[in-house]
Amino acid sequence: MRKLTIVLASLLMMVIMAGCSEDDALVMGFVPSQESDTIADTVEPLAEQLSEELGVEVEGKVMTNYTALVEAMGTNEVQIGFIPAFGYVLANEKHDVEVILKSERYGSGTYKAQYLVQADSGIESLEDLEGKTWAYGDPTSTSGYLFPAAQIMDEFDVADPETEFFAESIQTGGHDNSAITVYNGEADVATTFDDVRGELEEEYPDIMEKLVVLDYTAEIPNDTISVSSDVDDELKEEIKQTFLSFNDNDEMIKIMNDVYNWDRIIEADDSEYDVVRSTYEKFGDSISLDE
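Going by mature numbering (1 follows the signal peptide of the UniProt record, and there is no 0), the letters in the sequence shown line up with residues -18 to -1, 1 to 273, in that order.
Here it is, written out as structure tokens:
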């Protein structure tokens, strides 16, 4: 009996220690802005530096899409997530995910969505888009869909821009694809982040002349670094301060820029995303991360 007790106690200790090892490891979740293998290699030094600063193992994990990332944070498979504004709002609502930081680009913590049309299209206002073909990346995209659709709904008193305002819509899968669709004459307008054309100039040298910005939406808070609800306050603060320290580390900021075009990392508060919540409310249950 004594031997059995010792064996059981030993097994229990092994389980506890194994659990501690898993709890001590942190996983950062990313969604590809480029090839998955490329982004995984790019963020490896970031994970290593974060691990060194925090004193725990940190792994960078590339998820298939934002739905997968949000759900992984809900189950604590991922503790640190790089999530855009709309994805964050849904993750916060569904899993109590908390924003701690956000990106700064061109000196701003916000950005706008833009409407791109061909320069010689004759389209001069949003009103001229009625009956045209709309290209957008994804219905869960803050700048590609949510804010432009809400603007059309408000300005033209329609409940569904795709069926009541535009003659046709094309879901392209990404901002760059949307711009290229208009560039190729397969759609009349693309809604993208400002300014996707800069990322396409190498492949399409005349894109800045061929595609022009028709209009912009309201300001949108930048994408986030958020943490799962399982991360305690002390660790949350350590993660936050470590990322902020990367502003003084050229190598780390270059990685952030290579992956998501971040120029700096700045503090963020949940209330900044209320504008996204109020915009999202216009759509009821018609949009979710599961689409």
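Quick reminder that beta carbons are idealized off the backbone N, C-alpha and C, glycines included.
Roughly how many whole angstroms lie between the Cα atoms of Y93 and E137?
-> 21 angstroms
Report the three-state DSSP secondary structure of S3 (helix, strand or coil).
-> The predicted model places S3 with a pLDDT of 36, which falls under 50 and marks its position as unreliable; any figure quoted below should be read in that light. Helix at S3.
For the beta strand (DSSP E) that contains T46, what are its first and last residues?
-> Note, T46: premise wrong, no beta strand (DSSP E); not H, not E.
Specify whether the stretch 110 to 124 and the stretch 73 to 81 touch according to this definition: at least 3 beta carbon pairs, one from each stretch, less than 8 angstroms apart.
-> no
Quick one: what does DSSP say S90 is sitting in, helix, strand or coil?
-> strand
Buried or exposed: where does G63 fall if 16 or more other Cβ atoms within 10 Å of its Cβ makes it buried?
-> buried
Out of T261, G180, R246 and Q223, which has the shortest C-alpha to C-alpha gap to S90?
-> R246
Would the stretch 196 to 213 and the stretch 93 to 109 be scored as touching if the rule is three or more Cβ pairs under 8 angstroms?
-> yes
Contacts around G156, its chain only, beta-carbon distance under 7 angstroms, and the 5 residues preceding and following it disregarded | G119
Beta-carbon contacts of V238 that lie in its chain and below 6 angstroms, excluding the five residues immediately before and after = Sequence check: residue 238 is Met here, not Val. If we look at M238 and ignore the five residues flanking it on each side, its Cβ neighbours are W244.
How would you label T261, buried or exposed, when you count the other beta carbons within 10 angstroms and need 16 or more for buried?
-> buried
Can you tell me the Cα-Cα spacing of D214 and Q61, whole angstroms?
-> 11 angstroms
Could you pull the start and end residues of the beta strand (DSSP E) that F228 belongs to?
-> Unbroken run through F228: none, as it is neither H nor E.
Contact set for M234: own chain, Cβ-Cβ below 7 angstroms, skip 5 residues either direction | L28, Q31 and F228
Counting along the chain, where does the alpha helix (DSSP H) carrying T261 start and finish?
-> D256 to E263
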